[in-house]
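Q: Just so you know, the protein sequences line up as chains A and B, in that order. Going by the numbering used here, the first residue of the first sequence is number 3, and it counts up by one from there. Going by the numbering used here, the first residue of the second sequence is number 66, and it counts up by one from there. Idealized CB from N, CA, C, for every residue including glycine.
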Amino acid sequence: MKTWLFQNTLKRKVFLFVLVILVCFLTGFIYTFYATYKVNEQINEMFSTSIMLNEMQDDMNTLEVQLENYLATKNSDSFVQYLNMYNALGSMRTNFSYGKSNDPSRLQLHNIGMLLDAYLDKAELAIEFKRARNTERYLESYSELLTVDHYINLKVKQLEEWDFETNLENYLLLTEKVKLVQNGLILMVGLLISLSVLFVFTFSTNVTRPIVELSNRARAISEGQYTFGKIEGEHFKEAQVLESAFDNMAMHIKNYIEELRDKVETENKLRLSEIEKLRMQNLLNQAELMALQAQINPHFLFNTLNAGMQLAIIENADRTSSFLEDLSQLFRYNIQSLENKVTLKEELVNVQNYCSLMKVRFGEQFIFDFDIDEATLHVEMPPLILQPIIENALIHGFKNRTGSGLIQIMSAMDHKNVRIEVKDNGEGIDCDTLERLNNKEFEKNADKKGYTTGLGLGNVYDRLKHFFNREELFYIDSKKEEYTSIILWIPLEGSDNL
Amino acid sequence: MRKWIKLLEAVIVFSLIVISFISINSINQLRAARYSGSIDKAHHFAIVTDEVSSYAFNKFIEGIDSIIDAHDAVFEVYEVGVQSSDAIFDMIQLTEVDGVILKLSNNNAYSSQINSFKANGINVVAIGNDAPESDRDLYVGTNKFQLGKEAAALSALATDRQGRVAVILGNEYLDDKAVATNNFVNGLYEGVKDYESLSISTIQYSTNLRAEIIVDEILGGTETIDVIICTDPLDVNRVMRVLVDRNMVGSIKVIANGNTPEIVEYIRKNLVYASLVEDYEELGRLSIEYLDKLNKEQVVSSYINIPIATLKKDNLEEVHP
């Protein structure tokens, strides 16, 4: 009981609210009761004197009758009755014990008291004379008693006239006051109702405010807001608990969503990686497709080329025969799967075939110089890596050159790598293009002329990267109008594992 | 918003308290009004009179009211006629009053009752007219005979010593049996004697007939009237209305009695020639004062005369500036 009463709980709030309303209306009721009681008291008081005087006159009448009986018959019953009335009037005398008041009514009561004394004296005298058997005197006393009775009646009548006037004035005054009290009551009831309405409003606001605030927060959470300030004002304990629980819930939701976001981001990264892999696969497929396209009726082509070679032998055309043989080997090498792995030696043989063909085509315009370390020949690598590089040198390096060109193909051991360099003395690459190429930003649509494989530098780089699963494999060095050198680092270790 | 509501609540609670206080106070005031000023006094005096509605009596009571508290006394009025004089005197004795003031038209007629009072130790003061045959303690009043002579003298002055005078008696001059009436009328005749051409034409009592009718009858008669003497201030107003109606203001002189605002205004406008002023208030004050002295067993004179003042336009500014 004590605990909840001194805590800011909803139960206490409801209890106090009901209590206040009850007190308000109880106060109104008590006030009404008091006002009614006071008015009733005043009305009683207005007539109290009249009632008292009326009783006195009744007693006097009874006394006179009993006294007369006693004087006439000496009846003991009458005497007893007389004594009763005498004592009653004697007791009543105290009600007239007013002084010489300046209030006319009180002065008149004082007079009546004096006359009552005389009245009772006359009565006693009559009794005494009766006992003394003095008939003349007791009759005289009785007669005087009746005279005094007449005086008392005169005074009572006068007093009642005055009292009537006073009571009339008091009644009018009372009516006026009652009207004032009634108006006051109406006003009080109105004010009490207003006060109750305000209390109800305050109470309902206090109770519903935190709930409304919590519902607003719920809406805000649904819209993605999770941080809130404290709800303003002092609220009951349950609301504070709700607020605290709500804040905790919002915090948990926020943390959970952040975790979820991190997870999604990680998954996205993974998905991007997968996409990258798929893209590489796509490139491989593309290269393979191109290779397949190049295999259009390869047997027909080989048979035809062999037929041409035999024809050349029959006709003693040695150079033609050699040319066709080189071409035939080149085609054979070219149509193999790009996922195969070859040795540097096989790659160099293919390059030499290509160079022989180019020499037939361009004559002494180009010089191909091979500087190969024997130790490097067995290193493994993807096929068709060097041929596209040499094709690029022929196409781009000497595009605007009329003089002879030198293309050097070199290989050497370089720590755990084989360093392969294809260098030409062509027109070189401008700085921007060079920077772009070294940043591995290759053009998608490579120049596809009839004298190339169609595999650009980008393709070469991508295949090397996936083959060796590393990126530091490729570097281009060039100086405008002087040279271009493409350097490959083929790892000695690791390629076997692939 | 919340602050406003709290403020409003505080205002309502305050209003409720104020209204409750005012309402309860109003109810409690009813008791106070009923007994307000009710104080017990040391002395109880009885005033016995046979006329309670005259100007003189009202002024007399005003005088008593002004001084009664100072003498720690209360008074009550017994009117002969409403109750018999025997009953009144009997009741006064039975209620053991401390003093009696007799203001009757013929105090001397109640000499035996006065003696009875004195035998019972009750002091008696006669007002207006004396009761020389009784053991009364004191007489306080004006000399009505002298007042009559003064009225005659003013009439002579107003009419240049020749003319006919009509007299309308009211106020304390109830009828021709009253001692005051006899004294006043005797004084009037005595005063007229000094002027050969001045005579009393008629004497009427406004207790029997209203003053307007009396004046109408007088003016409608065969004899011409030059002066009207009125002993009641109310009658003066009535007489003046008739004179105005008949356009006789100025041609008939009026000798009034009293110093009411209306009479003062009439004198200022020359409508009334003069007014004889008896200080009835002083009469009331002195009666209580001397009764109190008698109760305290002080030695007092047995005859106290109240002087008469004459109000004319000449001295009006001095008396009523």
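#1: Taking C-beta pairs closer than 7 Å, name the residues in chain A that LEU73 of chain B reaches, listed in chain order.
#2: For the stretch 222-304 of chain B, which segments carrying the beta strand (DSSP E) assignment without a break, of at least 3 residues, lie completely within its bounds, in sequence order?
#3: Should VAL139 of chain B be flagged as near chain A, meaning a C-beta pair shorter than 7 Å?
#4: Taking the Cβ atom as the reference point for each residue, do LEU299 of chain B and VAL205 of chain B lie within a distance shorter than 7 Å?
#5: Can you say whether TYR39 of chain A is buried or exposed, counting buried as having 16 or more other CB atoms within 10 angstroms of its CB?
#6: State the Cα-Cα distance for the pair LYS76 of chain A and ALA196 of chain B, rounded to the nearest angstrom.
#7: Looking at the strands, I want to know which residues DSSP matches up with PHE79 of chain B.
#8: Counting only Cβ pairs nearer than 9 Å, list the residues of chain B close to LEU193 of chain A.
#9: Using CA coordinates, which residue listed in B:VAL342, B:SER220, B:ALA216 is at the minimum distance from VAL329 of chain B?
#10: Measuring alpha carbon to alpha carbon, tell me which of B:LEU159, B:TRP69, B:ALA231, B:VAL76 ends up nearest ALA111 of chain B.
#11: Can you give me the Cβ contacts of ILE77 of chain B inside the same chain, cut-off strictly under 7 Å, excluding the 5 residues immediately before and after it?
#12: Comparing the C-beta of ASN155 of chain A with each C-beta of chain B, is any distance below 7 Å?
#13: Specify the secondary structure class of GLY460 of chain A as computed by DSSP and reduced to three states.
#14: Where does MET48 of chain A fall in DSSP's three states?
#15: Counting only beta-carbon atoms, is VAL183 of chain A nearer than 7 Å to chain B?
#16: Going by CA-CA distance only, name the one from B:ALA223, B:TYR355, B:ASP357 that's closest to VAL319 of chain B.
#17: Under 7 Å between the Cβ atoms of SER199 of chain B and ASN180 of chain B?
#18: Please list the partners that THR160 of chain B has in chain A, where partner means a Cβ-to-Cβ separation under 7 Å.
#19: Is DSSP giving LEU386 of chain A helix, strand or coil here?
#20: Pull up the CB-CB distance for SER52 of chain A and ASP165 of chain A, whole angstroms please, since I reckon it's below 8 Å.
#21: Please name the residues in the stretch 90-107 of chain A whose beta-carbon is closer than 8 Å to at least one beta-carbon of chain B, in chain order.
#22: Could you list which residues in chain B have their beta carbon closer than 7 Å to that of SER196 of chain A, in chain order?
#23: For chain A, check one thing: does any of its Cβ atoms lie closer than 7 Å to the Cβ of ILE265 of chain B?
#24: Using the beta-carbon of each residue, which ones in chain A are nearer than 8 Å to SER103 of chain B?
#25: Can you list, in chain order, the residues of its chain with a C-beta nearer than 8 Å to that of ASN93 of chain B? Leave out the 5 residues immediately preceding and following it.
#26: Pick from B:SER271, B:ALA135, B:ALA174: whose alpha carbon is nearest that of TYR120 of chain B?
#27: Of the choices B:HIS109, B:SER366, B:THR375, B:GLY349, whose alpha-carbon is the least far from that of ILE192 of chain B?
#28: Give the interface partners of HIS109 of chain B over in chain A, defined as CB-CB distance under 7 Å, in chain order.
#29: Got a sec, what are the start and stop residues for the alpha helix (DSSP H) PHE201 of chain A sits in?
#30: Cutting at 6 Å between CB atoms, please list the residues of its own chain near ARG306 of chain B, excluding the five before and the five after it.
#31: What residues in the stretch 139-155 of chain B bring their beta carbon closer than 8 Å to a beta carbon of chain A?
#32: Check each candidate in B:GLU346, B:SER91, B:PHE249 and name the one with the smallest Cα separation from ASP130 of chain B.
#33: On the CB-based measure, 16 or more other CB atoms within 10 Å of its CB, does ASP426 of chain A come out buried or exposed?
#34: For a contact defined as C-beta to C-beta under 7 Å, what are the partners of THR204 of chain A on chain B?
#35: Relative to the alpha-carbon of PRO385 of chain A, which residue among A:TYR463, A:GLU245, A:PHE248 has its alpha-carbon at the smallest distance?
#36: Could you check whether the Cβ of SER91 of chain B sits closer than 7 Å to any Cβ belonging to chain A?
A: According to the structure data:
#1: Taking the second sequence and counting its residues from 1, the one referred to as residue 73 of chain B is at position 8. Simply LEU200.
#2: Taking only runs of at least 3 residues, the beta strand (DSSP E) segments lying wholly in the stretch 222-304 of chain B are 227-234, 262-270, 292-295.
#3: Here residue 139 of chain B is taken as the residue at index 74 of the second sequence, counted from 1. For VAL139 of chain B, the nearest CB of chain A lies under 7 Å from its own CB, placing it at the interface with that chain.
#4: One-based indexing of the second sequence puts residue 299 of chain B at position 234. One-based indexing of the second sequence puts residue 205 of chain B at position 140. Contact flag unset, no.
#5: Reading the first sequence from its first residue, position 37 is the one you call residue 39 of chain A. Note on TYR39 of chain A: under 16 other CB atoms within 10 angstroms of its CB, so exposed under the neighbour-count rule.
#6: To locate residue 76 of chain A, count along the first sequence from 1; it is residue 74. To locate residue 196 of chain B, count along the second sequence from 1; it is residue 131. Their backbone Cα atoms lie some 48 Å apart in a straight line.
#7: Here residue 79 of chain B is taken as the residue at index 14 of the second sequence, counted from 1. Bridge partners of PHE79 of chain B: none, in fact.
#8: To locate residue 193 of chain A, count along the first sequence from 1; it is residue 191. Close to LEU193 of chain A, with beta-carbon spacing below 9 Å, are these residues of chain B in chain order: ILE77, VAL78, SER80, LEU81, ILE84.
#9: Translated into positions along the second sequence, residue 329 of chain B becomes position 264. The shortest C-alpha separation from VAL329 of chain B is found at B:VAL342.
#10: Within the second sequence, numbered from 1, the residue matching residue 111 of chain B stands at position 46. Checking every option, the nearest Cα to that of ALA111 of chain B belongs to B:LEU159.
#11: Counting from 1 along the second sequence, the entry for residue 77 of chain B is found at position 12. For ILE77 of chain B, there are no CB contacts under 7 Å within the same chain when 5 residues up- and downstream are skipped.
#12: Numbered from its first residue, the first sequence carries residue 155 of chain A at position 153. Judged by the 7 Å Cβ criterion, ASN155 of chain A is not in contact with chain B.
#13: To locate residue 460 of chain A, count along the first sequence from 1; it is residue 458. If DSSP states are grouped into helix, strand and coil, GLY460 of chain A belongs with the helices.
#14: Numbered from 1 along the first sequence, position 46 holds the residue referred to as residue 48 of chain A. Helix at MET48 of chain A.
#15: For the purposes of this step, residue 183 of chain A is taken as the residue at position 181 of the first sequence. Answer yes: the Cβ-Cβ gap between VAL183 of chain A and chain B drops below 7 Å somewhere.
#16: Counted from its first residue, the second sequence places residue 319 of chain B at position 254. The option with the nearest alpha carbon to VAL319 of chain B is B:ALA223.
#17: On the second sequence, residue 199 of chain B is found 134 positions in, with the first residue counted as 1. On the second sequence, residue 180 of chain B is found 115 positions in, with the first residue counted as 1. In this structure, SER199 of chain B places its C-beta atom within 7 Å of the C-beta atom of ASN180 of chain B.
#18: For the purposes of this step, residue 160 of chain B is taken as residue 95 along the second sequence, with counting starting at 1. Ordered by position in chain A, the residues that pass the 7 Å Cβ test against THR160 of chain B are ASN113, MET116, LEU117.
#19: Residue numbering aside, residue 386 of chain A sits at position 384 when the first sequence is read from its first letter. Taken through DSSP and simplified to helix, strand or coil, LEU386 of chain A comes out as coil.
#20: Locating residue 52 of chain A in the first sequence gives position 50, where the first residue counts as 1. Locating residue 165 of chain A in the first sequence gives position 163, where the first residue counts as 1. Here SER52 of chain A really is in contact with ASP165 of chain A; their C-beta atoms are around 6 Å apart, less than 8 Å.
#21: Of all residues in the stretch 90-107 of chain A, TYR100, GLY101, LYS102, SER103, ASN104, ASP105, PRO106 have a Cβ within less than 8 Å of some Cβ in chain B.
#22: If you number the first sequence from 1, residue 196 of chain A lands on position 194. Correct list: ILE77.
#23: Here residue 265 of chain B refers to the residue found at position 200 when the second sequence is read from its first residue. So no, ILE265 of chain B is outside the interface.
#24: To locate residue 103 of chain B, count along the second sequence from 1; it is residue 38. The answer, in chain order, is SER103, ASN104, ASP105, ARG108.
#25: As a working mapping, residue 93 of chain B is identified with position 28 in the second sequence. Within the same chain, ASN93 of chain B has no close Cβ partners at all.
#26: For this step, residue 120 of chain B is matched to residue 55 along the second sequence. Put simply, of B:SER271, B:ALA135, B:ALA174 the residue whose alpha carbon is nearest the alpha carbon of TYR120 of chain B is B:SER271.
#27: Locating residue 192 of chain B in the second sequence gives position 127, where the first residue counts as 1. For the residues B:HIS109, B:SER366, B:THR375, B:GLY349, the minimum Cα distance to ILE192 of chain B belongs to B:GLY349.
#28: Translated into positions along the second sequence, residue 109 of chain B becomes position 44. By Cβ distance, chain A contributes LYS102.
#29: Indexing the first sequence from 1 puts residue 201 of chain A at position 199. 137-224 is the extent of the alpha helix (DSSP H) around PHE201 of chain A.
#30: Your numbering for residue 306 of chain B matches position 241 in the second sequence. Excluding residues within five positions, none has a Cβ falling inside 6 Å.
#31: Interface annotation for the stretch 139-155 of chain B against chain A: VAL139, GLU141, GLN148, ALA152, ASP155, criterion Cβ-Cβ distance under 8 Å.
#32: Taking the first residue of the second sequence as 1, we reach residue 130 of chain B at position 65. With distances taken between Cα atoms, ASP130 of chain B lies closest to B:GLU346.
#33: To locate residue 426 of chain A, count along the first sequence from 1; it is residue 424. Answer is buried; the Cβ neighbour count reaches 16.
#34: For the purposes of this step, residue 204 of chain A is taken as residue 202 along the first sequence, with counting starting at 1. The answer, in chain order, is ILE70.
#35: Residue mapping note: residue 385 of chain A aligns to position 383 of the first sequence, counting from 1. PRO385 of chain A has its Cα closest to that of A:TYR463, out of A:TYR463, A:GLU245, A:PHE248.
#36: Locating residue 91 of chain B in the second sequence gives position 26, where the first residue counts as 1. Yes, its Cβ sits closer than 7 Å to a Cβ of chain A.
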